[in-house]
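Novice: Here the protein sequences come in this chain order: A and B. The opening residue of the first sequence carries number 856 in the working numbering; numbering runs sequentially from there. The opening residue of the second sequence carries number -5 in the working numbering; numbering runs sequentially from there. Just dropping this structure here.
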Amino acid sequence: MEGDTEAFGLLVDRYQGDCVAFAQHMTGSADDAADVVQESLVRAFKSLGRCRDRDRFRGWLFRIVSNQCKSHLARSQQRRHEPLEAVDVPAADLPPDAALEADEARARIRRALDALPTNHREALVMKYVTGLSLPEMSEALEVSVPALKMRLLRARHGLRQLLTEVVP
Amino acid sequence: MTAEHELVARVLDGELEYDRLPPELRRQADAFLGLFQSLREERPPNPVALRAAVMARVRRGAESPWERWWRWVRTPRAVQLSPLTATLALAAAVAAAVLIGPRLGPGPVRVAEAPAPNAVITRFVLVAPAASRVAVTGDFVSWHPEGVALSDAAGSGMWSVDVPLTPGVHHYVFIIDGREWLPDPNASQVDDGFGEKNSVVLVPPRAES
């Protein structure tokens, strides 16, 4: 796989959507997410030789994206919050009131996620938005599965506290 | 706010099938998963330029020194010369052309002067009656812009050349009259990452005699 640009193009096609979704929740900006993911994918290509197990590629790739997000956040100090312009996909199928409620609900969840510690937000987005498995997350975050489960439990608890009226 | 039930936690961790959750606990799991369902639905579209930007950087990183040089010389750049320097450079170029030019014939790419031991002779064929020159270039000649010349000995418009290729997948295109890059109409094609198509040939390992 190393050095094979065509094969790597297929990996880019397959995983860029997940990477961008994750990075956008971490950076709070579509433009920053695209920059972070571009840099991450190029770094991944240069380091493909270190990914010895293809079955673990997604977790390995997310480790790079996660680290790039953290570097970006450290550089920018403070996340920028931009309205997500592409949010009206489900709203198109809903009556106006329901669409408005759905938008408001999503905005509340985003604000609650933003209020969580970075490692909790990272774990929740990785698990429930991009759908990584616990072993993949363990690879990505370099944390044991038991420790990861504890982190997710605390993150869910924290999110529920911020959204008590939505989540029982 | 109620505490998270252990079974709900296992479902949310992905360790227990949702169907095995007692009905009375499903509401708790549903409420939490529903939050993220809305976030998954608002997933942003892929930035259209992202793939192209990544693949351009990846290809540049994978270029051979020859390819880097070729890209460098093709890139327009402003050069400042004094009239004296420009005159001397022009005179030197004319002298070189007069003295050396006639000794040089056309310079086709020479591939595989010593083919790999496992190389398999692969024939490239293109029907192009209107073409005056046809070449094939691909990863096996590091995408050399001159390519390997095809011949049309019978003058029938059917151009062909035999090229020794190592077993595996190779990408290539034909070059018509030195200008037009054309994928093989009779072969599978893949995106080249820049909005164009490359052809693909699978060279099987040579059968042992």
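Glycine is no exception: its CB is placed at the ideal position from the N, C-alpha and C atoms.
1) Answer yes or no: do B/V155 and B/S145 have a C-beta to C-beta separation smaller than 8 angstroms?
2) What does DSSP give as the partner residue(s) for B/W153 in the beta ladder?
3) Pick from B/W64, B/A122, B/Y12: whose alpha carbon is nearest that of B/M152?
4) Check whether the Cβ of B/S32 lies closer than 8 angstroms to any Cβ atom in chain A.
5) Could you give the first and the last residue of the continuous alpha helix (DSSP H) run that contains A/W915?
6) Out of A/N974, A/D873, A/T973, which one is the CA nearest neighbour of A/L987?
7) Would you say B/E(-2) faces chain A, with C-beta separation under 8 angstroms as the test?
8) On the CB-based measure, 16 or more other CB atoms within 10 Å of its CB, does A/E994 come out buried or exposed?
9) Rounded to whole angstroms, what's the CA-CA distance from B/Y166 to A/L1007? Just pull it up for me.
10) Count the C-beta pairs between the region 893 to 907 of chain A and the region 965 to 981 of chain A that are closer than 8 angstroms, then say yes if the count reaches three, no if not.
11) Considering only residues of the same chain and omitting the five flanking positions on each side of B/G27, which have a CB-CB separation below 8 angstroms?
12) Tell me whether B/W66 is buried or exposed, calling it buried when 16 or more other Cβ atoms sit within 10 Å of its Cβ.
13) Which chain A residues are close to B/M152, counting only those with a beta carbon under 9 angstroms from its beta carbon?
14) Does the beta carbon of B/G149 sit closer than 8 angstroms to a beta carbon anywhere in chain A?
15) Which residues in the same chain have their Cβ closer than 8 angstroms to the Cβ of B/L75, if we skip the five residues on either side of it in sequence?
16) Between which two residues does the beta strand (DSSP E) harbouring B/Y12 extend?
17) Would B/L78 pass as a contact of B/T116 if the rule is Cβ separation under 8 angstroms?
18) Hey, B/A204 and B/V197: beta-carbon distance below 8 angstroms or not?
19) Quick one: give me the first and last residue of the beta strand (DSSP E) that A/F863 is part of.
20) To be precise: take each residue of the region 889 to 908 of chain A, compare its Cβ to all Cβ atoms of chain B, and keep it if any distance is under 8 angstroms. Which residues remain?
21) Can you check whether the CB of B/S136 is closer than 8 angstroms to the CB of B/D171?
22) Measure from the C-beta of B/V184 to each C-beta in chain A and report whether the shortest distance is under 8 angstroms.
Specialist: The answer reads as follows:
1) yes
2) B/L120
3) B/A122
4) yes
5) 912 to 931
6) It is A/D873 whose Cα lies nearest to the Cα of A/L987.
7) yes
8) Burial call: buried.
9) 49 angstroms
10) Short answer: they don't touch.
11) A small correction: the amino acid at residue 27 of chain B is Leu; Gly does not occupy that position in the sequence shown. Cβ within range, chain order: L6.
12) exposed
13) Here the premise fails: no neighbours, minimum Cβ distance about 29 angstroms.
14) no
15) Counting only residues of its own chain and dropping the five nearest sequence neighbours on each side, B/L75 has a CB closer than 8 angstroms to the CB of A83.
16) Looking at the DSSP string, B/Y12 is not in any beta strand (DSSP E), and its letter there is neither H nor E.
17) no
18) Only positions -5 to 203 of chain B appear in the structure, and residue 204 of chain B is not among them; the question remains open.
19) Looking at the DSSP string, A/F863 is not in any beta strand (DSSP E); the run it does join, the alpha helix (DSSP H), is 860 to 882.
20) Flagged, chain order: A889, V892, Q893, L896, V897, F900, K901.
21) no
22) yes
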